[in-house]
Amino acid sequence: MRNLLIFISKYNAFFLFIIFEVISLILLLNYNSFQKASYITSSNDVTGAINTKVSEVTAYLSLGRVNDSLARENALLRNQLKTSFYIDTLAKRTVTDTIYKQQYTYIPAKVISNSTNKHNNYITINRGSKDGIAKDMGVICSSGVVGLVVKTTEHFSNIQSVLNGNARVSAMLADTKEIGTFTWTSSLDPHQGLLMDVSNNVKPKLGERVVTSGQSLYPTGIPIGKISDLHAKEGGLFLNMYLELAVDYSKLEYVYVVVNKLAKEQAEVEAMPKKEKDE
């Protein structure tokens, strides 16, 4: 307290000046309408500018929460897409049931680790077995196909990226529905892939879209890329062509793990002929 009194005593002239200045401004603004209007306008501009900056900082700090919310919302919307259902034609015989049955659901996840500059690239996400994710589930993002789940722990999953020399995806030309196989060229170019084994009876065009065929872990019509070069090495009775990939894998933030409710049943049916052959 003593030090405070000494400080005030030492700078009393300065404090008196400030007090008189404040009193003068109050009198000026209260008894002069023009100055008062100018002050209000200026203060509103300053306050507005400050509030704008505060709002921008607050919005930036909350981006993570907003993105998580949007990812969950997008997953719910994807669950309602027509491609997430299959048609049960037998249900047409009943009045009470719909012919559309849910086949695919989606689990949103955030990418926490990702590589694009290796011959075999992998992605790690912050969702695992606790969230319903299992090995061999497909993974997509808002732009297209991402990869395949190869390993899970309780809280994390490891994804074999499409940018992997071992990656294979059943694909088709969007216009003609001709089936082929997509693979990465392993040229260390994260923007280019290869569509192989397309029948040479078709005449694909530059810029034609290539999407998933539905004969794999992914719903039909998920973007893979578009044809960028028709002069890849021919495979005899089949055509090979280069694709410009639809996804920029270096900028992945959020992905959706595809839960195919019929995957187990389909795998069991497909394994039957092999089992009979072995017997």
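Quick note on numbering: the sequence shown equals residues 54 to 332 in the numbering used here. Glycine included, each C-beta is placed from N, C-alpha and C at the ideal position.
*Between the C-alpha atoms of Ser-413 and Val-202, what's the straight-line distance to the nearest angstrom?*
In the structure as shown, the chain starts at 54 and stops at 332, and residue 413 therefore has no counterpart that could be examined.
_Less than 6 Å between C-beta atoms, sequence neighbours within five positions excluded: which residues of the same chain meet that for Lys-279?_
Gly-260, Arg-262 and Glu-297
_Inter-residue spacing [alpha-carbon to alpha-carbon] between Lys-163 and Arg-180_ = 8 Å
*Would you call Val-322 buried or exposed, if buried means 16 or more other Cβ atoms sit within 10 Å of its Cβ?*
exposed
_Contact between the segment 235 to 246 and the segment 204 to 213 (3+ Cβ pairs under 8 Å)_ = no
_Strictly by DSSP, which residues pair up with Ala-224?_
Gly-233 and Thr-265
*asked:* Between Val-46 and Tyr-159, how many whole angstroms is the CB-CB distance? I'm expecting something under 8 Å.
replied: Nothing can be reported for residue 46: it is not among the residues displayed for the chain, which extend from 54 to 332.
*When you compare each of Gly-197, Lys-314 and Asn-173 to Val-308 by their alpha carbons, which one comes out closest?*
Gly-197
*Entirely within the segment 191 to 221 and at least 3 residues each: give me those beta strand (DSSP E) ranges in chain order.*
191 to 193, 198 to 205 and 210 to 217
*Which value, in whole angstroms, describes the spacing of the CA atoms of Trp-237 and Ala-224?*
13 Å
_Coarse secondary structure for Ser-29, derived from DSSP in three states_ = The shown model of the chain, from 54 to 332, leaves out residue 29, and the question about it has no answer.
*Report the three-state DSSP secondary structure of Lys-188 (helix, strand or coil).*
coil
*Cα separation between Asp-396 and Asp-282?*
Residue 396 falls outside the range modelled here, since the chain spans only 54 to 332, and no answer is possible.
*Cβ neighbour criterion (16 or more within 10 Å) applied to Ile-186*: buried
*When burial is assigned at 16 or more other CB atoms within 10 Å of the CB, is Leu-80 buried or exposed?*
exposed
*Report back the beta-carbon spacing between Thr-177 and Tyr-302 to the nearest angstrom; my notes put them in contact at under 8 Å.*
With a Cβ gap of about 14 Å, Thr-177 and Tyr-302 do not count as contacting.
*Can you grab the Cα-Cα spacing for the pair Ile-232 / Asp-184, in whole Å?*
33 Å
*If you draw a straight line from the alpha carbon of Ser-252 to that of Leu-290, how long is it in whole angstroms?*
7 Å
_Assigned exposure category for Gly-218 - 16 Cβ within 10 Å defines buried_ = exposed
_In the DSSP output, what is Ala-162 paired with across the bridge?_
Val-308
_Among Phe-68, Pro-272, Ile-212 and Phe-73, the one whose alpha carbon lies nearest that of Leu-305_ = Ile-212
*Contact set for Asn-167: own chain, Cβ-Cβ below 6 Å, skip 5 residues either direction*: Ile-176 and Leu-305
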